[in-house]
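Numbering (the numbering used here), first residue to last: 30 to 167.
Cβ atoms here follow ideal geometry from the backbone N, Cα and C, with glycine treated the same way.
Down below is the structure, laid out as structure tokens.
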């Protein structure tokens with residue numbers, strides 16, 4: 030399924046490459062840039078797990094940039110119905126207050142979209158079902 034998703038992204042002018050943990054040879058998954066965001070993801074079973082999500086540029090984030098990314102993710106789920114959920118760990122308890130605020134805002138947006146939360150290995154993960162993601166238009 031990973032190769033099919035990469036091909037789908039490529040058809041939409043989004044190019045992926047392997048993503049590694051720091052400077053190691055430990056493969057985290059695939060990464061792509063959809064300006065201004067870098068997204069690292071992997072597929073486990075039927076879940077797409079966002080391993081890293083960050084802005085590459087400074088300045089005020091614009092909602093349409095996030096909605097563009099969510100629209101791309103929606104397209105992945107529409108065209109790959111075997112995916113059941115989008116899962117990510119969003120840590121809001123960080124020293125940088127601006128980052129903390131933006132992460133809380135992201136959680137609010139995902140909650141409005143229907144995201145749920147579950148505790149796994151001591152961390153609270155955000156899970157957005159494929160059904161909820163597909164229902165939204167961006």
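query, result
"Candidates 164, 156, 42, 166: closest to residue 75 by CA position", "156"
"Whole-Å CB distance - residue 142 paired with residue 166, under 8 Å assumed", "11 Å between Cβ atoms; not a contact."
"Interface flag, residue 147 vs chain C, CB-CB below 8 Å", "In the structure shown, chain C does not exist; there is a single protein chain."
"Those runs of the alpha helix (DSSP H) which lie wholly inside the stretch 81-124 and span at least 4 residues", "92-108"
"Cα-Cα separation, residue 107 to residue 161", "11 Å"
"Cβ contact (3+ pairs, closer than 8 Å) linking the stretch 46-57 and the stretch 119-135", "no"
"Exposed unless 16 or more other CB atoms sit within 10 angstroms - verdict on residue 44", "exposed"
"Reduced DSSP secondary structure (H/G/I, E/B, other) of residue 77", "strand"
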